[in-house]
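Please read the structure below before turning to the comments.
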Amino acid sequence: MGSIIAIANQKGGVGKTTTAVNLSAALAAADCRVLIVDCDPQANASSGLGFQQTESEPFTLYEVLIEGLPYDTAKRETQIEQLDLLPSSRNLAGANLELVDLSDRELILWSRLADALAAYDFIFLDCPPALDLLTLNALVAADSVLIPIQCEYFALEGISSLLDTIDRVREFWNPDLMIEGVLLTMFDERTTLARQVASDLQEFFEGQVFDTVIPRNVRLAEAPSHGRSIIQYDLRSRGAESYLGLAREFLFRRGQHPSH
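Last residue of the sequence shown: 431 in my numbering, with the numbers rising by one and none dropped.
Shown next as structure tokens:
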């Protein structure tokens, strides 16, 4: 049985999609079977893996959620062996409104992904930058939450809202939801501020911050515009090294060891 990990932070621009795409690619390179579910109507994870919605392949997460389409009818194979994608589209923006009227609306993503658990080791849910019904569905479906946080002045701003939401999800729908870890992103070790923010986060999330830190890296920022993960785009970049390191740490923390 696979694990479902939501990548969430309602603050935008903190590296959620970058982490979803590149951690998934690194785990696939380590011989894990991985599915990314793009839960964000902006569809950045989809385009970052080279996918746009087309008439020949019209099905996306929207049809899975709202019309009950089986997930494997909408999923696509990526250029990376063992990495599949359940893509998003702009239609997903309307799903927040359409889900409101459905019974058990918080449980729909969980029910739609039930059949996928046997096919994958890890299912990553790339959440939108909002605590809306899509994010709530992701948290209810997930076994754990990975929280990317940018090393900047307002890093902790809004995190209390996310933690309150996680507590609410535990209380009403998903009592076993855990924090997978906190990932420090866009880290610039040359600045005193970044080091201070990292220290504050390590104190606030005692024992939950990954040792691996994701640096600011030009190649990492360029890769999505080419529709590729950093591992495909520039394997020797610091960005690629950091996500490969994160994949090793992620597996090690779970008592698993990468094949490569």
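Beta carbons: idealized from backbone N, C-alpha and C, even for Gly.
Keep in mind the model is a prediction, meaning the values are calculated, not measured.
- Residue state for GLU248 is assigned as strand, using DSSP reduced to three classes.
- Within the same chain, VAL311, ALA312 come within 6 Å of TRP281 by CB-CB distance, once the 5 residues on both sides are set aside.
- Under DSSP, THR356 takes part in a beta bridge, and its partners are GLN321.
- With a threshold of 16 other beta carbon atoms within 10 Å, GLY426 falls short and is exposed.
- The three-state secondary structure of PRO386, taken from DSSP, is strand.
- Proximity of the segment 388-403 to the segment 358-376 falls short of the contact definition, fewer than three beta-carbon pairs being nearer than 8 Å.
- A residue is called buried once 16 or more other Cβ atoms fall within 10 Å of its Cβ, and PHE343, having fewer, is exposed.
- Under the DSSP assignment, SER282 falls in the alpha helix (DSSP H) whose first and last residues are 279-284.
- Less than 7 Å divides the Cβ of VAL205 from the Cβ of LEU254.
- Counting of Cβ neighbours within 10 angstroms places VAL389 among the exposed residues, the total staying below 16.
- Within a 10 Å sphere around the beta-carbon of GLN250 sit fewer than 16 other beta-carbons, which makes this residue exposed.
- Just so you know, the alpha carbons of GLY378 and LEU327 end up roughly 17 Å apart.
- Straight-line measurement puts the Cα of GLU351 at about 22 Å from the Cα of LEU257.
- Taking a cut-off of 8 Å for Cβ pairs, the segment 288-300 and the segment 201-218 touch, as three or more such pairs fall below it.
- Look at SER315 here: in three-state DSSP terms it is strand.
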